[in-house]
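Protein chains: 2
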Amino acid sequence: MKHIAIFGFGIVGGGLPDVIESCREGIKNLIDDEINVKYILDLRDFPDSPYGDRVVHDIKPIIEDPEIEVVAETMGGAHPAFEFSVAAMEHGISVVTSNKEVVATYGDKLLETARKNGVNYLFEASVGGGIPCLRPFATSLSQEKIVSVSGILNGTTNFILSKMKFEGREFADVLAEAQALGYAERDPSADVDGIDAMRKIMILTALSTGKLVDKADVYAETIRNITPADIDAAARMGASIKLIGTYKACEDGISVYVCPQIVGASNALSAVNDVYNAISVTCDITGDVMFYGRGAGRYPTAGAVLADIVAILSGAADAEKQHVFEKAEGSVVPFGKVPFNYYIRVRCDSCADTCETLTHLFDSVKKLEGSPEGVCEYVCGKMGLDELNSIRESIGNVESVIRILE
Amino acid sequence: MKHIAIFGFGIVGGGLPDVIESCREGIKNLIDDEINVKYILDLRDFPDSPYGDRVVHDIKPIIEDPEIEVVAETMGGAHPAFEFSVAAMEHGISVVTSNKEVVATYGDKLLETARKNGVNYLFEASVGGGIPCLRPFATSLSQEKIVSVSGILNGTTNFILSKMKFEGREFADVLAEAQALGYAERDPSADVDGIDAMRKIMILTALSTGKLVDKADVYAETIRNITPADIDAAARMGASIKLIGTYKACEDGISVYVCPQIVGASNALSAVNDVYNAISVTCDITGDVMFYGRGAGRYPTAGAVLADIVAILSGAADAEKQHVFEKAEGSVVPFGKVPFNYYIRVRCDSCADTCETLTHLFDSVKKLEGSPEGVCEYVCGKMGLDELNSIRESIGNVESVIRILE
Numbered sequence: 001m002k003h004i005a006i007f008g009f010g011i012v013g014g015g016l017p018d019v020i021e022s023c024r025e026g027i028k029n030l031i032d033d034e035i036n037v038k039y040i041l042d043l044r045d046f047p048d049s050p051y052g053d054r055v056v057h058d059i060k061p062i063i064e065d066p067e068i069e070v071v072a073e074t075m076g077g078a079h080p081a082f083e084f085s086v087a088a089m090e091h092g093i094s095v096v097t098s099n100k101e102v103v104a105t106y107g108d109k110l111l112e113t114a115r116k117n118g119v120n121y122l123f124e125a126s127v128g129g130g131i132p133c134l135r136p137f138a139t140s141l142s143q144e145k146i147v148s149v150s151g152i153l154n155g156t157t158n159f160i161l162s163k164m165k166f167e168g169r170e171f172a173d174v175l176a177e178a179q180a181l182g183y184a185e186r187d188p189s190a191d192v193d194g195i196d197a198m199r200k201i202m203i204l205t206a207l208s209t210g211k212l213v214d215k216a217d218v219y220a221e222t223i224r225n226i227t228p229a230d231i232d233a234a235a236r237m238g239a240s241i242k243l244i245g246t247y248k249a250c251e252d253g254i255s256v257y258v259c260p261q262i263v264g265a266s267n268a269l270s271a272v273n274d275v276y277n278a279i280s281v282t283c284d285i286t287g288d289v290m291f292y293g294r295g296a297g298r299y300p301t302a303g304a305v306l307a308d309i310v311a312i313l314s315g316a317a318d319a320e321k322q323h324v325f326e327k328a329e330g331s332v333v334p335f336g337k338v339p340f341n342y343y344i345r346v347r348c349d350s351c352a353d354t355c356e357t358l359t360h361l362f363d364s365v366k367k368l369e370g371s372p373e374g375v376c377e378y379v380c381g382k383m384g385l386d387e388l389n390s391i392r393e394s395i396g397n398v399e400s401v402i403r404i405l406e
Numbered sequence: 407m408k409h410i411a412i413f414g415f416g417i418v419g420g421g422l423p424d425v426i427e428s429c430r431e432g433i434k435n436l437i438d439d440e441i442n443v444k445y446i447l448d449l450r451d452f453p454d455s456p457y458g459d460r461v462v463h464d465i466k467p468i469i470e471d472p473e474i475e476v477v478a479e480t481m482g483g484a485h486p487a488f489e490f491s492v493a494a495m496e497h498g499i500s501v502v503t504s505n506k507e508v509v510a511t512y513g514d515k516l517l518e519t520a521r522k523n524g525v526n527y528l529f530e531a532s533v534g535g536g537i538p539c540l541r542p543f544a545t546s547l548s549q550e551k552i553v554s555v556s557g558i559l560n561g562t563t564n565f566i567l568s569k570m571k572f573e574g575r576e577f578a579d580v581l582a583e584a585q586a587l588g589y590a591e592r593d594p595s596a597d598v599d600g601i602d603a604m605r606k607i608m609i610l611t612a613l614s615t616g617k618l619v620d621k622a623d624v625y626a627e628t629i630r631n632i633t634p635a636d637i638d639a640a641a642r643m644g645a646s647i648k649l650i651g652t653y654k655a656c657e658d659g660i661s662v663y664v665c666p667q668i669v670g671a672s673n674a675l676s677a678v679n680d681v682y683n684a685i686s687v688t689c690d691i692t693g694d695v696m697f698y699g700r701g702a703g704r705y706p707t708a709g710a711v712l713a714d715i716v717a718i719l720s721g722a723a724d725a726e727k728q729h730v731f732e733k734a735e736g737s738v739v740p741f742g743k744v745p746f747n748y749y750i751r752v753r754c755d756s757c758a759d760t761c762e763t764l765t766h767l768f769d770s771v772k773k774l775e776g777s778p779e780g781v782c783e784y785v786c787g788k789m790g791l792d793e794l795n796s797i798r799e800s801i802g803n804v805e806s807v808i809r810i811l812e
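Chains as they are written, first to last, in the working numbering: chain W, 1 to 406; chain G, 407 to 812.
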């Protein structure tokens, strides 16, 4: 019998015992043993849960119990998840987590603690829910150079943008529906302002480069300003608007950012709709590979937590690549300098003038066909945000600006 | 220094030394050692290759060399790849392969030989080229039940069907282009008649169920009969025609087949175009996950071969799920009994009569809008092939019939 503990009995942690139960046979085949949830650490009691008798309110008896081999940290938030994980590892207990905030913030220290104590720290469930998208960085793709990653990393915003597209609705209206369905929180900012996606692209960047960048260096743009007029313009371009998290190796360092982008139909990301996530990874040998699936949900995410537990108990994790994250200040190219092609919509009476102004400013300006009455639309490139902002002033009346994914 | 040998110095095997060279640093990080290609087994000599001095024409010195730890079998074809792989494993050498034919035909015996001799037999590169789609069956998804797999498993046919769609061209015309580009062989039947996809779905079925089915039990249908009129009808349904390989657990056993299917836009497979492959896996806990990328190509495939070599040398393969394939006669449901919804195009002067006949035959009949002059089109369901064939006779004048993916 292998004993584990769960820290935080919420959505994911609460689903883990069920998943362990339904995978009993598969687990037995892999580790030739059973997994027992010996403790559940939570501030609350759960008298109605069949696991209620395992609930404790103090970490001490857990980490001092020599039978505990793995802790599943499913608390969320940076604190006290960080301190609790460190304490467990310092007592020789491996930790797996679904907590993107703690990995994105303290991944360097957590991996170092694991290394020093000869234990594992795994976090497959922190990105893409049940999609097995992180382990390839430690296995199949581990000997390659990862050139770039771009992904639809947040299911809530993808649900909202998909509904806006297919049902022609406003952002606020769909957000209210997402909240009613439980896809979005009452305070939706972590999702809609790109914070959740930012944490995930920080983790993917660290897996790709070994560099854990500072969140202050990662540009994140909200989808709150996306309108039906934007969605419609993208549709006329044969494209969709998606919230894309990006890491890219470039000449002067790396660029890491999250923003809504117009994604053409030839890019597989454009067809990823509803709550689905997709992570596209470009490697120097294998080229592009993409991982796709539901990026959230109690059981898929708990399943990914279990896969990490099994990888530790079977010894597989020890044989895989041991990630080292280093804090990397100053390695992210300022977002203002990252060049994009832009969609620009201008409210104008004198379209010809605007068009002439733009033509003077850019090498490449293309007027979009089929614009609604009273606006002109252009595809212009390439420029950074700094340049765009100065142009914005000089042409005036700019109604919308959206980056175009290449 | 870790010594390996390559069996077959063709497209993939010929690319392997280059890939090992470019991944030298990544390999070092993972196994703390270097990989040396000590022998290359081929009937030909390669005097112009920098690896020409390692070429031998006899297997004996290789398998009797105690320094050789892994053989990369990249010969293709069932024989003598099977005998050579067995001989290597019986000498305590692990084998990795990109050879789908030998795995689909003798996977049971090869895995058994590996088990008996305490070595590994891995075949990531046999399906999906460089896409890391098989290892999750041994790692992240290994404790789950795999309910179904459906995939675009052959890049050549996907290239042809994509070109037919986007350029409105005939099958024969695009096939000729694919041959000129080197995407299709002079005898294209292994690709266009679904044989290659059949081997791959047999491997995926075995990974999902442990059952290596007989190829005689797997229905495979050619794409040669797909016409621009079919592609156009699918487009009017908001869909694409794709060659889909399918495994499904069903009440009476499993169904395994390869055939062209109409794939609606809401299915992510519909947006997989050109030479790209995609493998969609439905698991009982994680739900749907999809793996996507280039399904062929020298370096991506050689990269997957290398990933397997590294998994063996690092010990990871030993800690992962050890697959057991068993020959499983009689477990595949006869294809004639597998129910589908069908697109049916009928050449008719008296459309009303046909429509009435169909309405009598099915619970569900929907007439398609926008049919070209002289034909009527219907979406009917559900029925098996046997039933369809008898209906075909009774209505007569059937011009085309294509299954619809649910």
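Glycine included, each C-beta is placed from N, C-alpha and C at the ideal position.
Remember, predicted model here, so these are calculated numbers, not experimental data.
By Cβ distance, which residues of its chain are closer than 7 Å to residue i, with the 5 residues on each side in sequence left out?
i	result
ALA114 (chain W)	MET89, ASN120 and TYR121
ARG605 (chain G)	LYS506, GLU507 and ALA510
PRO17 (chain W)	VAL37 and TYR51
ALA374 (chain G)	Coverage of chain G is limited to positions 407 through 812, which leaves residue 374 (chain G) absent and any answer about it impossible.
If the criterion is Cβ atoms closer than 9 Å, does the pair residue i and residue j meet it?
i	j	result
ASN36 (chain W)	THR74 (chain W)	no
VAL56 (chain W)	VAL305 (chain W)	no
ARG403 (chain W)	GLU377 (chain W)	no
VAL807 (chain G)	VAL785 (chain G)	no
LEU351 (chain G)	ALA734 (chain G)	Within the shown structure, residues of chain G are numbered from 407 to 812, placing residue 351 (chain G) beyond reach of any answer.
VAL289 (chain W)	TYR698 (chain G)	yes
VAL598 (chain G)	LEU613 (chain G)	no
GLY483 (chain G)	SER686 (chain G)	no
Take the Cβ of residue i as the centre, count every other Cβ of all protein chains shown within 10 Å, and call the residue buried at 16 or more, exposed below.
i	result
ASN154 (chain W)	buried
HIS360 (chain W)	exposed
HIS79 (chain W)	exposed
VAL86 (chain W)	buried
GLY855 (chain G)	The shown model of chain G, from 407 to 812, leaves out residue 855 (chain G), and the question about it has no answer.
PRO542 (chain G)	buried
ARG236 (chain W)	exposed
SER189 (chain W)	exposed
PHE82 (chain W)	buried
SER796 (chain G)	exposed
LEU449 (chain G)	exposed
GLY130 (chain W)	buried
Between which two residues does the alpha helix (DSSP H) containing residue i stretch?
i	result
LEU710 (chain G)	In the sequence as presented, Leu is not what sits at residue 710 (chain G); that position holds Ala. Unbroken alpha helix (DSSP H) run through ALA710 (chain G): 704-720.
VAL275 (chain W)	From DSSP, VAL275 (chain W) is part of no alpha helix (DSSP H); its letter is neither H nor E.
ALA603 (chain G)	601-615
SER428 (chain G)	417-428
What are the partner residues of residue i, as DSSP defines its beta bridges?
i	result
HIS57 (chain W)	Per DSSP, none; premise fails for HIS57 (chain W).
TYR106 (chain W)	Looking at the DSSP assignment, TYR106 (chain W) forms no beta bridge with any residue, so it has no partner.
ASP694 (chain G)	G:THR688
GLY557 (chain G)	G:GLY651 and G:ILE685
PHE340 (chain W)	W:MET383
LYS327 (chain W)	W:LEU212
Can you tell me where the beta strand (DSSP E) with residue i in it begins and where it stops?
i	result
PHE413 (chain G)	408-413
LYS654 (chain G)	645-656
GLN667 (chain G)	659-670
LEU487 (chain W)	There is simply no residue 487 (chain W) to check, as chain W begins at 1 and stops at 406 in what is shown.
Within a Cβ cutoff of 6 Å, which residues of the same chain sit near residue i, ignoring the five residues on either side of it in sequence?
i	result
ALA626 (chain G)	GLY600, MET604 and VAL664
LEU347 (chain G)	In the structure displayed, chain G extends from 407 to 812; residue 347 (chain G) sits before or after that span and is not available.
ASN225 (chain W)	none
GLY776 (chain G)	ARG642
PHE768 (chain G)	CYS786
ALA544 (chain G)	GLU726 and LYS727
GLU399 (chain W)	ARG345 and ARG347
LEU368 (chain W)	GLU377
Ordered along the chain, which non-local residues of its own chain (more than five positions away) have a Cβ less than 8 Å from that of residue i?
i	result
PRO228 (chain W)	MET164, GLY168, ARG169 and GLU170
ASP792 (chain G)	GLY742 and LYS743
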